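This note's numbering puts the first residue of the sequence shown at 232, with every later residue one more than the last.
Glycine residues also receive a C-beta, built at the ideal position from the N, C-alpha and C atoms.
Given the structure is predicted, the values throughout are model-derived calculations rather than measurements.
Report on the following structure.
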Amino acid sequence: MRPLVFITGASSGIGQALALRYYKAGWRLALAARRVPEMQAWLAAQGIQSDQAICYSADVNNADSIIVAASLCIAEQGVPDVVIANAGISIGMDTRVRDDLEVMAQVMQTNVMGMAATFHPFVKPMQERANANPAASAGTLVGIASVAGIRGMPGHAAYCASKAAAISYCESLRGELKPQGFKVVTLAPGYIKTPLTQKNKFPMPFLMTADTFADEAFKTIERGISFRVIPSPMAWVARVLRVLPDVLFDHAFKNAPRKHRSVE
Ligand SMILES: NC(=O)c1ccc[n+]([C@@H]2O[C@H](COP(=O)([O-])OP(=O)(O)OC[C@H]3O[C@@H](n4cnc5c(N)ncnc54)[C@H](OP(=O)(O)O)[C@@H]3O)[C@@H](O)[C@H]2O)c1
């Protein structure tokens, strides 16, 4: 039986590119997002047959919705070998504006709680499968974080906070689930050309296509690397950012452009 990957946010950008990369490597696809017609149209355009891929309607902001999608996936296709929590949003906020508190809550809900809600329904079935066959690993959980989670960039408060939380959450999970035979991989994309970055009005260094990102991500997940920034030049930037003293970091980013707010 071909291995199975479950991907959230598969109706667009990175999720779609990951789906194609896994399909080309011979995997079956379980694709989840709110826009099911987009996913179905994409599968048809790629010529991917229904015995190789099934789409599930899921809103990661609603735990019950993703639990139902996971149950359907397990019933129809089996327990996945890899689960990729990729669904995410990026919206700017201004802490002075009351309505923007809701924006921040929405970003945290989707990017952090949505990730936990995606992993939740698969952990027990993946573990039970491993218990039944101790020679096999439980599988791999992949969190799509961001290089924005490394430091708090001025003007990107909600997104940076959400991705920093996603990185820490995945790191905790990695230690928690290792004894049960899981691998947890955290991927931190730099700037990737997708609808999410299309509206950015600022320069995006080392901008990479989603297909190139997916290729790098696939290899990283296959090797079970715990944390990786993609692309490599951005990984060097991230290493420097991590150790940069606050005074230098603040100076370097004092004129950084802010992420546009939902009303802008
Ligand atoms: N592009 C970049 O430069 C970049 C950099 C760093 C990190 N990332 C991260 O990579 C991931 C994918 O981003 P992308 O660039 O591919 O963005 P995108 O093209 O806008 O795609 C976002 C995907 O997330 C899904 N999604 C959003 N909210 C959802 C919800 N409540 N429930 C289910 N699915 C939801 C969307 O599907 P529906 O609308 O159909 O539900 C869509 O498929 C995100 O986590 C993002 O933060 C991207």
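Examine ligand 1 and report whether any of its heavy atoms sits within less than 7 Å of the Cβ of residue i.
| i | result |
| --- | --- |
| Ser368 | no |
| Leu427 | yes |
| Asn292 | yes |
| Ser463 | no |
| Arg265 | yes |
| Thr341 | yes |
| Ile245 | yes |
| Glu269 | yes |
| Tyr422 | yes |
| Thr326 | no |
| Gly345 | yes |
| Thr239 | yes |
| Gly502 | There is simply no residue 502 to check, as the chain begins at 232 and stops at 495 in what is shown. |
| Ile381 | no |
| Ala289 | yes |
| Ser242 | yes |
| Gly278 | no |
| Ala250 | no |
With a Cβ-Cβ cutoff of 8 Å, do residue i and residue j count as a contact?
| i | j | result |
| --- | --- | --- |
| Met339 | Gly374 | no |
| Pro356 | Ile298 | no |
| Ala348 | Ala294 | yes |
| Ile423 | Ala441 | yes |
| Val416 | Ser457 | yes |
| Ile238 | Leu249 | yes |
| Ile285 | Ala256 | no |
| Ile381 | Leu472 | yes |
| Ala484 | Tyr253 | According to the sequence as given, residue 484 is Phe; it is not Ala. Cβ distance not < 8 Å, so Phe484 and Tyr253 don't count as in contact. |
| Ile245 | Thr425 | yes |
| Ala318 | Ala264 | yes |
| Ala376 | Leu427 | no |
| Ala289 | Ser281 | no |
| Ser242 | Met270 | yes |
Quick check on this structure: which residue in the options has the alpha carbon closest to the alpha carbon of residue i?
| i | options | result |
| --- | --- | --- |
| Asn362 | Pro410, Ala392, Tyr390, Arg382 | Pro410 |
| Arg259 | Met465, Val236, Met384 | Val236 |
| Ala466 | Ala395, Pro365, Ser403, Pro420 | Pro420 |
| Ile508 | Asn342, Glu307, Ala301 | Given that the chain is displayed from residue 232 to residue 495, the structure contains no residue 508 and the question cannot be resolved. |
| Asn364 | Gly412, Val334, Lys255, Asn317 | Gly412 |
| Thr326 | Ser242, Glu453, Glu407, Tyr390 | Tyr390 |
| Ala336 | Gln308, Ser296, Ala392 | Ala392 |
| Cys401 | Asp282, Lys430, Met344, Arg470 | Met344 |
| Val334 | His387, Asp312, Gly406 | His387 |
| Glu407 | Val468, Val354, Met232, Ala306 | Val354 |
Would you list the residues sitting across from residue i in a DSSP beta bridge?
| i | result |
| --- | --- |
| Lys414 | Thr371 |
| Pro420 | Ile461 |
| Ser288 | Ala264 |
| Val338 | Its beta-bridge partners do not exist; DSSP assigns none. |
| Ala316 | Gly374 |
Could you tell me whether any Cβ in chain B is nearer than 8 Å to the Cβ of residue i?
| i | result |
| --- | --- |
| Arg454 | Chain labels in this structure do not include chain B; a single protein chain is all it has. |
query = Using 8 Å as the threshold, is the segment 433-440 in touch with the segment 448-468, meaning 3 or more CB pairs across them?
reply = yes
task = Please determine if the segment 320-339 and the segment 476-493 are in contact, where contact requires at least 3 C-beta pairs separated by less than 8 Å.
result = yes
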